[in-house]
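Visitor: Okay, handing you the structure first.
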């Protein structure tokens with residue numbers, strides 16, 4: 001039996017953006033009335049990250065409510081138009097099949113942007129700085145080796161011999177979540193045999209707020225606007241080819257990048273490090289169990305072509321934080337299965353919809369077959385000519401539809 005003395009209200013395993021955002025949300029709502037611990041085997045220093053995160057309006061409101069938007073707003077690029085093409089790699093020009101301009105002049109806040117592109121490292125650092133200023137009990141430098149759940153609480157056995165106990169443990173420890181495995185929660189999904197190549201580039205011509213999504217035979221290639229003449233690159237290729245591309249010298253790599261980007265932005269230079277990661281679809285069969293909840297990549301992972309990974313995680317944060325705070329205000333145990341099932345019901349269908357949509361788009365646009373490309377382009381052309389369809393797509397992408405948690409609505413808990 002694991003022995004412990006102090007019992008926290010909540011122990012969050014994983015000090016990534018989702019875990020830190022959840023800790024901040026609960027401290028903002030309940031202050032000293034809630035005892036929150038954050039556990040991570042890393043040192044607590046934010047590592048460099050070449051990715052750019054696409055943040056939709058609903059999740060942006062979550063960050064704003066936590067005080068994490070103001071520190072990164074000036075470093076973020078505003079997407080005012082999404083330009084989508086579907087061409088063979090050999091084509092020198094990539095004519096758009098769909099343009100999605102922001103809903104300028106709309107009644108809702110944020111409708112002057114399709115999304116914002118935020119440097120991943122800057123957002124993670126902003127969340128960490130805010131968390132360090134809060135009354136949060138940090139445990140860095142040791143991983144979790146065991147999980148024991150009883151009727152009253154859960155206890156984490158640590159690599160350094162310590163024990164951390166809480167009424168509710170939250171797994172925010174990524175797609176390969178050790179806590180999820182310790183709890184015996186199975187997953188459904190598959191590997192895409194694709195890699196996502198990420199970097200930042202500067203370019204000759206201004207992007208004017210345009211994000212470019214080119215569907216190519218190797219996979220989607222996206223250029224996402226950052227401040228100035230810079231863009232974040234999310235480039236999908238088959239795994240073996242992606243590894244070879246990442247091993248190229250800078251000039252050869254830029255030549256391959258320019259071949260896919262088309263002529264709109266002129267010549268490119270690298271403005272940040274290169275990185276890559278394998279792509280897969282994964283969804284936990286349960287988002288909650290006895291005294292355990294899963295958020296972010298520990299609960300689900302989707303293809304990055306729609307830029308929804310962190311958006312889904314922040315909506316998890318908003319929903320779980322609301323369930324926990326509501327429970328505690330009513331004097332109900334936040335780790336009770338009945339409360340955690342409310343969180344799971346709230347989030348599962350939204351995540352399932354996004355997983356199905358991104359998987360379908362990746363499969364539909366992958367084949368390099370001319371007749372199929374004609375059918376795809378015909379369908380996209382119909383959407384492009386329909387203002388109602390485009391408005392619906394933008395509303396759905398904004399993360400502001402459906403039954404929304406208070407933080408996603410821009411309201412405090």
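In our numbering, the protein residues as written are 1 to 413.
In this text, a Cβ means the ideal position worked out from N, Cα and C, and glycines have one as well.
For residue 391, count the other beta carbons within 10 Å of its own beta carbon; 16 or more makes it buried, fewer makes it exposed. Which is it?
Guide: For the purposes of this step, residue 391 is taken as the residue at position 391 of the chain shown. That one is exposed.
Visitor: Suppose contacts are defined by Cβ-Cβ distances below 8 Å. Is residue 356 in contact with residue 18 by that definition?
Guide: The residue labelled residue 356 in the question sits at position 356 within the chain shown. The residue labelled residue 18 in the question sits at position 18 within the chain shown. It is not a contact, given that the beta carbons lie outside the stated cut-off.
Visitor: How many angstroms separate the CA atom of residue 337 from the CA atom of residue 12?
Guide: The residue you call residue 337 lines up with position 337 of the chain shown. The residue you call residue 12 lines up with position 12 of the chain shown. Distance between the alpha carbons of residue 337 and residue 12: 17 Å.
Visitor: Would you call residue 277 buried or exposed, if buried means 16 or more other Cβ atoms sit within 10 Å of its Cβ?
Guide: As a working mapping, residue 277 is identified with position 277 in the chain shown. Its Cβ having fewer than 16 others within 10 Å, residue 277 is exposed.
Visitor: Please state if the CB of residue 130 and the CB of residue 66 are separated by a distance shorter than 8 Å.
Guide: If you number the chain shown from 1, residue 66 lands on position 66. If you number the chain shown from 1, residue 130 lands on position 130. Yes, the Cβ-Cβ distance between residue 66 and residue 130 is below 8 Å.
Visitor: By Cβ distance below 6 Å, which residues in the same chain neighbour residue 108 in space, the five residues on each side in sequence not counted?
Guide: In the chain shown, counting from the first residue as 1, residue 108 sits at position 108. Here residue 108 scores only 47 on pLDDT, less than 50, and its place in the model is too uncertain to base an answer on.
Visitor: Taking only three categories from DSSP, how would you classify residue 195?
Guide: Your numbering for residue 195 matches position 195 in the chain shown. Note: residue 195 maps to strand in three-state DSSP.
Visitor: Contact defined as beta carbons within less than 8 Å: I believe residue 79 pairs with residue 25. What is the distance between those atoms, to the nearest angstrom?
Guide: Translated into positions along the chain shown, residue 79 becomes position 79. Translated into positions along the chain shown, residue 25 becomes position 25. Actually they do not touch by this definition, with Cβ atoms about 26 Å apart.
Visitor: May I have a chain-ordered list of the beta strand (DSSP E) segments no shorter than 3 residues that lie completely inside the segment 136 to 190?
Guide: Within the segment 136 to 190, the complete beta strand (DSSP E) runs of at least 3 residues are 137 to 140, 144 to 149, 154 to 158 and 163 to 171.
Visitor: Residues bridged to residue 214 by DSSP?
Guide: Taking the first residue of the chain shown as 1, we reach residue 214 at position 214. Bridge partners of residue 214: 85 and 221.
Visitor: Measuring alpha carbon to alpha carbon, tell me which of 377, 328 and 381 ends up nearest residue 413.
Guide: Numbered from 1 along the chain shown, position 413 holds the residue referred to as residue 413. That would be 328, whose Cα lies nearest to the Cα of residue 413.
Visitor: Taking DSSP's pairing of strands, which residues face residue 200 in a bridge?
Guide: Position 200 of the chain shown, counting from 1, holds the residue named residue 200. The partner list for residue 200 (beta bridge, DSSP) reads 232.
Visitor: Which two residues bound the contiguous alpha helix (DSSP H) that contains residue 124?
Guide: Within the chain shown, residue 124 is the residue found at index 124, counting from 1. Residue 124 -> alpha helix (DSSP H) spans 120 to 132.
Visitor: Taking Cβ positions, are residue 254 and residue 265 nearer each other than 8 Å?
Guide: Taking the first residue of the chain shown as position 1, residue 254 is located at position 254. Taking the first residue of the chain shown as position 1, residue 265 is located at position 265. Against a cut-off of 8 Å, the Cβ pair of residue 265 and residue 254 comes out as no contact.
Visitor: So, do the segment 143 to 159 and the segment 237 to 250 have three or more beta carbon pairs nearer to each other than 8 Å?
Guide: Flag = no, the segment 143 to 159 and the segment 237 to 250 do not touch.
Visitor: Got a sec, what are the start and stop residues for the beta strand (DSSP E) residue 396 sits in?
Guide: On the chain shown, residue 396 is found 396 positions in, with the first residue counted as 1. Segment 387 to 397 is the alpha helix (DSSP H) holding residue 396; no beta strand (DSSP E) there.
Visitor: Ignore the nearest five residues each way along the sequence and tell me which others in residue 300's own chain have a CB closer than 6 Å to its CB.
Guide: For the purposes of this step, residue 300 is taken as the residue at position 300 of the chain shown. Hits under 6 Å: 283 and 351.
Visitor: Three-state secondary structure (DSSP) at residue 301?
Guide: Against the chain shown, residue 301 aligns to sequence position 301. The answer is strand: DSSP assigns residue 301 an E or B state.
Visitor: Give me the Cα-Cα distance between residue 100 and residue 72, rounded to the nearest whole angstrom.
Guide: If you number the chain shown from 1, residue 100 lands on position 100. If you number the chain shown from 1, residue 72 lands on position 72. Going from the Cα of residue 100 to the Cα of residue 72 covers about 25 Å.
Visitor: Assuming residue 42 contacts residue 15 (C-beta within less than 8 Å), just tell me the rounded distance between them.
Guide: Position 42 of the chain shown, counted from the start, is the residue given in the question as residue 42. Position 15 of the chain shown, counted from the start, is the residue given in the question as residue 15. Confirmed, about 7 Å.
Visitor: Tell whether a beta-carbon distance below 8 Å holds between residue 23 and residue 164.
Guide: The residue you call residue 23 lines up with position 23 of the chain shown. The residue you call residue 164 lines up with position 164 of the chain shown. No. Outside cutoff.
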